[in-house]
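Reading through the structure tokens given below for one structure.
Residue numbers (the numbering used here): 5 to 226.
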């Protein structure tokens, strides 16, 4: 269970693909001016990332090492094509909102990166957990920044008008870039503070254990 907990926390928090690894920047900057579009892209990435991880993990012993990257791209491209067909048929508004960014999932560094770094070395179940966790981390990052950009740029959240005042800059890629940079700074600062506190706690426990062992040895010698 600890293994799956670590995979989950790494994907969502400690190795967040957007805030910590700065992957998937193209759809991030292109879609976070609208919170709903950001959420929709995140959900599409969760599905494709999870399925591609599982398929690549299941085929990892059959894929020749020399052509593994082209094979990954074929698997991902097939899944993206299927998702596009489903969205175009049943959710045309979502399909139109995501536009060309949906096709760019094929070469999204997050999906290719997880296939190369994780799926081809781990079991199907572990790869599924990794795909879901990284997808959630990506979706969380896009949605949070989408809410900020839409609120500041349009005065609304998920299309619901909250206030009449707005700053048009945040409805543009330039504003999205500013929010992206500040979000990375804030997220990494929070994680660094948390990890520092955890190290201090671990060191304190280790010192207390050493002191207890020293007392026990002294009592035995006495």
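All residues carry an ideal CB built from backbone N, CA and C; glycine is no exception. Note that the structure is predicted; figures quoted are calculated from it, not measured.
Item: Return the CA-CA distance between residue 128 and residue 136, expressed in angstroms with no decimal places.; Value: 12 Å
Item: With H, G and I counted as helix, E and B as strand and the rest as coil, what does DSSP make of residue 160?; Value: strand
Item: Give the range of the alpha helix (DSSP H) segment to which residue 61 is assigned.; Value: 39-63
Item: May I ask you to verify whether the region 160-168 touches the region 56-76, counting CB pairs closer than 8 Å and requiring at least 3?; Value: no
Item: Could you tell me which whole alpha helix (DSSP H) segments of length 4 or greater appear in the region 104-129?; Value: 104-107, 113-121
Item: So the candidates are 106, 43, 10, 79; which of them puts its Cα closest to the Cα of residue 92?; Value: 106
Item: Measure the alpha-carbon distance for residue 68 versus residue 53 and round it to whole angstroms.; Value: 21 Å
Item: Rounded to whole angstroms, what's the CA-CA distance from residue 148 to residue 214? Just pull it up for me.; Value: 44 Å
Item: Would residue 153 pass as a contact of residue 41 if the rule is Cβ separation under 8 Å?; Value: no
Item: Return the chain-ordered list of same chain residues with a C-beta closer than 7 Å to the C-beta of residue 117, the five sequence neighbours on each side being excluded.; Value: 27
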